[in-house]
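Engineer: Residue 32 in our numbering is what sits at position 32 of the sequence shown, and the numbering runs on without skipping anything. All residues carry an ideal CB built from backbone N, CA and C; glycine is no exception. Below is the structure I would like to discuss, written out as structure tokens.
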Amino acid sequence: MRTSSRRYPVTDGTAADGIRGTAHGTAPVPLSVLDLVTVGAGRTATDALRTGVELSQLAESRGYHRYWVAEHHSMPGVASSSPAVILAHLAAHTERIRLGSGGVMLPNHAPLVIAEQFGTLEALAPGRVDLGLGRAPGTDGATAAALRRTERLHEGADDFPQQLMELTRFLDDDFPDGHPYRRIHAVPGPVQATSPGGVQSPHRPPLWLLGSSGFSARLAGTLGLPFAFAHHFSAQNTVPALDLYRETFRPSEVLAEPYALIGVAALATDEEKEARRQVLAAALNMVRLRTGRPGLVPTPEEAEAYEFSPMEREFVDSWNANVIHGTADEVVSGLDDLQKRTGADELMLTANAHGGDVRVRSYELIADAYGLPKAPAA
Numbered sequence: 001m002r003t004s005s006r007r008y009p010v011t012d013g014t015a016a017d018g019i020r021g022t023a024h025g026t027a028p029v030p031l032s033v034l035d036l037v038t039v040g041a042g043r044t045a046t047d048a049l050r051t052g053v054e055l056s057q058l059a060e061s062r063g064y065h066r067y068w069v070a071e072h073h074s075m076p077g078v079a080s081s082s083p084a085v086i087l088a089h090l091a092a093h094t095e096r097i098r099l100g101s102g103g104v105m106l107p108n109h110a111p112l113v114i115a116e117q118f119g120t121l122e123a124l125a126p127g128r129v130d131l132g133l134g135r136a137p138g139t140d141g142a143t144a145a146a147l148r149r150t151e152r153l154h155e156g157a158d159d160f161p162q163q164l165m166e167l168t169r170f171l172d173d174d175f176p177d178g179h180p181y182r183r184i185h186a187v188p189g190p191v192q193a194t195s196p197g198g199v200q201s202p203h204r205p206p207l208w209l210l211g212s213s214g215f216s217a218r219l220a221g222t223l224g225l226p227f228a229f230a231h232h233f234s235a236q237n238t239v240p241a242l243d244l245y246r247e248t249f250r251p252s253e254v255l256a257e258p259y260a261l262i263g264v265a266a267l268a269t270d271e272e273k274e275a276r277r278q279v280l281a282a283a284l285n286m287v288r289l290r291t292g293r294p295g296l297v298p299t300p301e302e303a304e305a306y307e308f309s310p311m312e313r314e315f316v317d318s319w320n321a322n323v324i325h326g327t328a329d330e331v332v333s334g335l336d337d338l339q340k341r342t343g344a345d346e347l348m349l350t351a352n353a354h355g356g357d358v359r360v361r362s363y364e365l366i367a368d369a370y371g372l373p374k375a376p377a378a
């Protein structure tokens, strides 16, 4: 797959400036946030989205590098079906933190639509938008078929490299002469600079490839793109995928060296017992999702009263073994160990809990434990 020759028009620095973060305090690598916009029992989507604003502002003030939201569909407990809409809302409430998708599921959409959406986001928040892309549907097969208006779902995943190339060309407005899309332009986008009086924006959202297996790891490496791995739900594949990414990496205009972040389920609370209660509730939510009963995130009280079957209990134990939880010091120790084991260049933390206040508090505790900076009071 050929990549564009002019993908990142920049006026200063390099394309990697929008990718590589800076570690603060005693954190081994930059820390970031993945917000699944979870909705707890007794709460509304409005509550979850308000928590997102509060959390993004906290993350910005404490030196977290980026804030991503992920595309999910037909899940009552996850209110992130429209990442571009959420990111526009967050852009209006923040000033510096990078905002992005972790990710947009490209086969669900026409590449032109994604180029238009993220061109608009880039115009709203210049120089701080990431476009992370995945090839999974982000939902069950029936919902994916409704989204894509086709039953040929496997073909959509197989076409991902071609879709990625098409999206890249729309973002760069560089389809070759003779191509059927040569006269089609994603707006906002580079075509505006070629119009009378037009001025070229110095920014373009960096592309990231997301994955939970080796496919996207290899593709990201081959194209010289940054890679994000979903350690939070595919921990057994993390090291092999990162090794494959680094082994196949080819320097590009985007990156001279590999850059990989991993999504990590991490929850810090003031007391260890409370962390166990919260992750049990999140695990019960996953049990229901995996058995075709998706719902709102249950309360810790509901989870404690629930009678898990032996098979469910086995799943919960396995799931929670990959959730770094406890007091802030315990979480920091776990994060440090994970980073050493994987060599990840960035840790993107996702805190799954019933209440938004618990999630916000977790990021605050982790920031304090690592000695991340505090923005001066206004």
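1. Which word fits V187, buried or exposed, when buried means at least 16 other C-beta atoms lie within 10 angstroms of its C-beta?
2. Compare the beta carbon distance of F160 and P205 with 8 Å and say whether it is the shorter of the two.
3. Is it buried or exposed, H232, if we count other Cβ atoms within 10 angstroms and call 16 or more buried?
4. In its own chain, which residues sit with a C-beta less than 8 Å from the C-beta of S61, not counting the 5 before and 5 after it?
5. For the beta strand (DSSP E) containing S383, name the first residue and the last one.
6. Could you say if the stretch 208-225 and the stretch 90-99 meet the contact criterion of at least three C-beta pairs nearer than 8 Å?
7. Nearest-angstrom Cα distance between D337 and Y363?
8. On the three-state DSSP scale, how would you describe D159?
9. Can you check DSSP and say which residues form a bridge with W68?
10. Do you know offhand how far H72's Cα is from G132's?
11. From M311, Y67 and G371, pick the residue whose C-alpha is nearest to that of R96; which is it?
12. Quick one: Cα of A385 to Cα of E302, how far?
13. Is there contact between the stretch 257-264 and the stretch 273-282, where contact requires at least three CB pairs shorter than 8 Å?
14. With DSSP run on the structure shown, which of helix, strand or coil describes I86?
15. Starting from V358, follow the alpha helix (DSSP H) in both directions and report where the run begins and ends.
16. Output needed for A377: all residues of its chain with C-beta closer than 6 Å, excluding positions within five of it in sequence on either side, in chain order.
17. Rounded to the nearest angstrom, how far is the Cβ of P111 from that of F175, given a contact under 8 Å?
18. Using the C-alpha atoms, what's the distance from A268 back to S81?
19. If you reduce the DSSP assignment to three classes, tell me which class D130 lands in.
20. Taking the continuous alpha helix (DSSP H) assigned at T51, which residues delimit it?
21. Quick one: what does DSSP say V39 is sitting in, helix, strand or coil?
22. Give a yes or no on whether the C-beta atoms belonging to D35 and V69 are separated by under 8 Å.
23. How big is the Cα-Cα spacing for S195 and R183?
24. Distance check for V199 and A193, CA to CA, integer angstroms please.
25. Any Cβ of chain D within less than 8 Å of the Cβ of T46?
26. Could you check what DSSP says for D346 in three-state terms: helix, strand or coil?
27. Are the Cβ atoms of R98 and D130 separated by less than 8 Å?
28. Secondary structure at F315, three-state DSSP: helix, strand or coil?
29. To the nearest angstrom, how far is it from the Cα of V37 to the Cα of A282?
30. Under 8 Å, do L289 and M105 count as touching if we go by C-beta distance?
31. Could you round the C-beta distance between G326 and E272 to whole angstroms and report it? I think they count as a contact, below 8 Å.
32. Output the boundary residues of the beta strand (DSSP E) element that contains I262.
33. Identify, in the order they occur along the chain, each residue of the same chain with its Cβ nearer than 6 Å to the Cβ of E116, setting aside the five sequence neighbours on each side.
34. What does the Cβ neighbour count give for R135, buried or exposed, with the cut at 16 atoms within 10 Å?
35. What does a CB cutoff of less than 6 Å around A266 pick up in its chain, not counting 5 residues either side in sequence?
Structural biologist: Taking the geometry as given:
1. With fewer than 16 Cβ atoms within 10 Å of its Cβ, V187 is classed as exposed.
2. Not closer than 8 Å, so no.
3. Flag for H232 reads buried.
4. The answer, listed in chain order, is K374 and A375.
5. Because the chain spans 1 through 378 in this model, residue 383 falls outside it and cannot be assessed.
6. They do not touch, by the three-pair rule.
7. Approximately 18 Å, taken between the alpha carbons.
8. Coil, per DSSP.
9. Answer by DSSP bridge pairing, in chain order: L34 and G100.
10. H72 and G132 have their C-alpha atoms roughly 14 Å apart.
11. Of the candidates M311, Y67 and G371, the one whose C-alpha sits nearest the C-alpha of R96 is Y67.
12. The first residue shown for the chain is 1 and the last is 378, placing residue 385 beyond what the model contains.
13. The stretch 273-282 and the stretch 257-264 do not touch, with fewer than three beta-carbon pairs separated by less than 8 Å.
14. In the structure shown, the three-state DSSP call for I86 is helix.
15. Where V358 is concerned, the enclosing alpha helix (DSSP H) stretches over G356 to Y370.
16. Here A377 scores only 46 on pLDDT, less than 50, and its place in the model should not be relied on; the value that follows carries that caveat. The same chain holds no residue with a CB closer than 6 Å to that of A377 once the five nearest residues on each side in sequence are set aside.
17. Contact doesn't hold; Cβ gap of about 11 Å is too wide.
18. Straight-line Cα distance between these residues: approximately 27 Å.
19. Residue state, collapsed to three classes: strand.
20. It spans A45 to R62 - the alpha helix (DSSP H) in which T51 sits, taken as one unbroken run.
21. In this structure, V39 counts as coil in the three-state DSSP scheme.
22. With respect to the 8 Å criterion, D35 and V69 are classified as neighbours on the basis of their beta carbons.
23. Straight-line spacing of the CA atoms in S195 and R183 works out to 14 Å.
24. Rounded to whole angstroms, A193 to V199 spans 5 Å at the Cα level.
25. In the displayed structure, chain D is absent; only one protein chain is listed.
26. This sequence places Glu at residue 346; Asp is not what is there. In this structure, E346 counts as strand in the three-state DSSP scheme.
27. The beta carbons of R98 and D130 sit closer together than 8 Å.
28. F315 falls in the helix class under three-state DSSP.
29. V37 and A282 have their C-alpha atoms roughly 13 Å apart.
30. Taking 8 Å as the Cβ cut-off, L289 and M105 do not qualify as a contacting pair.
31. The Cβ separation is near 5 Å, so the contact holds.
32. Per DSSP, I262 is one residue of the beta strand (DSSP E) stretching across A260 to A268.
33. Here the set comprises A186.
34. The residue is buried, with at least 16 neighbouring Cβ atoms inside 10 Å.
35. Listed in chain order, the non-local C-beta contacts of A266 below 6 Å within the same chain comprise I324, V331 and L349, local neighbours out to five positions each way being set aside.
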